[in-house]
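**Q** Numbering (the working numbering), first residue to last: 180 to 485.
#1: DSSP on residue 428, reduced to helix/strand/coil?
#2: Find the nearest neighbour of residue 259 within the set 309, 285, 291, judged by alpha-carbon distance.
#3: Can you list, in chain order, the residues of its chain with a C-beta nearer than 7 Å to that of residue 488? Leave out the 5 residues immediately preceding and following it.
#4: For the structure I just gave you, are there three or more beta carbon pairs, one from the stretch 433-453 and one from the stretch 401-421, closer than 8 Å?
#5: On the three-state DSSP scale, how would you describe residue 320?
#6: Just to confirm, is the Cβ distance from residue 232 to residue 267 under 9 Å?
#7: Rank 321, 477, 472 by C-alpha distance to the C-alpha of residue 285 and give the top, closest one.
#8: To the nearest angstrom, how far is the alpha carbon of residue 468 from that of residue 218?
#9: What ranges does the beta strand (DSSP E) occupy inside the stretch 416-474, keeping only unbroken runs of at least 3 residues that lie completely in it?
#10: Quick check: the Cα distance between residue 359 and residue 424, rounded to an integer number of angstroms?
#11: Give every residue of the same chain whose Cβ lies closer than 8 Å to the Cβ of residue 349, excluding the five residues on either side of it in the sequence, and list them in chain order.
#12: CA-CA distance, residue 375 and residue 333?
#13: Nearest to residue 346 by alpha carbon, out of 327, 478, 377, 337?
#14: Here's a check: name, in chain order, each residue in its chain whose Cβ is nearer than 6 Å to the Cβ of residue 279, leaving out the five neighbours to either side.
Structure, rendered in structure tokens:
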């Protein structure tokens, strides 16, 4: 029994030492940031999964700092620890910190928090966390378009009423469009129709592909994806080549298939761990994707990612 106790005490001491080492490194790093350092975050702080709880707890002090640079860095570290952690309790702890950042007086920190929250699966959020995000939506909130899409990302029926209340007070066309995108994400048929009516006669070119297609993919609406499917099958060369030495236009479908790749279940082309397309021969890839879409008209969409 004494041997077992000694071994346990030894292991506990090692674990405590590792945790303290990570905390010391975090504190030293934040002191360097305060002194003006632009050095990246030490990698082992971000990968120290066993002591993520202690690190996130320690970050709260820096998230309350009067210096916006310190707060920004602290929230960024929190995001990176949380998004990469296998335990949902840690991810939810990081989510709570990002929700707190939504209320920061620095607008830059707020918009970073919106982006950070979209990096978590929507199944990671507790019901309370979902409602905290939804209930903050107001027509005059900064970055309304982005915030509306975050609200629409929440798998909660309360999002629909909140989005509709904001919509009746909005006059800006882009903000109204984004509120419809968010409602479409929540399955609202009227909003989906409004989005389709808005884009039906749009000129398909580089600007449309880079600015509009990503937010259309966000909706995870099969009706809107069928519109994107038509563009993938289009043989009109309306987009610029990525080759700086070529003036010839290319099919917009090459770019669109990059955007839809992470959003379609069992996507037939190779992708990396984040769903990003990994192909060298785009012509062959587009032909293959068209064939797969023809053979799989009832394809399913990935709903738990942004």
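Glycine included, every Cβ here is placed at the ideal spot set by N, Cα and C.
**A** Checking against the coordinates, here is how it stands:
#1: Position 249 of the chain shown, counted from the first residue, corresponds to residue 428. Three-state result, residue 428: strand.
#2: In the chain shown, counting from the first residue as 1, residue 259 sits at position 80. Checking every option, the nearest Cα to that of residue 259 belongs to 291.
#3: Within the shown structure, residues of the chain are numbered from 180 to 485, placing residue 488 beyond reach of any answer.
#4: yes
#5: Looking up residue 320 in the chain shown gives position 141. Here residue 320 sits in coil by DSSP.
#6: By 1-based counting over the chain shown, the position of residue 232 is 53. By 1-based counting over the chain shown, the position of residue 267 is 88. In this structure, residue 267 does not lie closer than 9 Å to residue 232 by Cβ.
#7: Reading the chain shown from its first residue, position 106 is the one you call residue 285. The shortest Cα separation from residue 285 among 321, 477, 472 belongs to 321.
#8: As a first step, residue 468 is located in the chain shown; it is residue number 289 there, counting from the start. As a first step, residue 218 is located in the chain shown; it is residue number 39 there, counting from the start. If you take the alpha carbons of residue 468 and residue 218, they lie about 42 Å apart.
#9: none
#10: Along the chain shown, one-based indexing puts residue 359 at 180. Along the chain shown, one-based indexing puts residue 424 at 245. Going from the Cα of residue 359 to the Cα of residue 424 covers about 39 Å.
#11: In the chain shown, the residue the question calls residue 349 occupies position 170. Cβ neighbours of residue 349 beyond the five flanking positions: 318, 323, 355, 358.
#12: Residue mapping note: residue 375 aligns to position 196 of the chain shown, counting from 1. Residue mapping note: residue 333 aligns to position 154 of the chain shown, counting from 1. Going from the Cα of residue 375 to the Cα of residue 333 covers about 22 Å.
#13: On the chain shown, position 167 is the one that residue 346 refers to. That would be 327, whose Cα lies nearest to the Cα of residue 346.
#14: Within the chain shown, numbered from 1, the residue matching residue 279 stands at position 100. Here the set comprises nothing.
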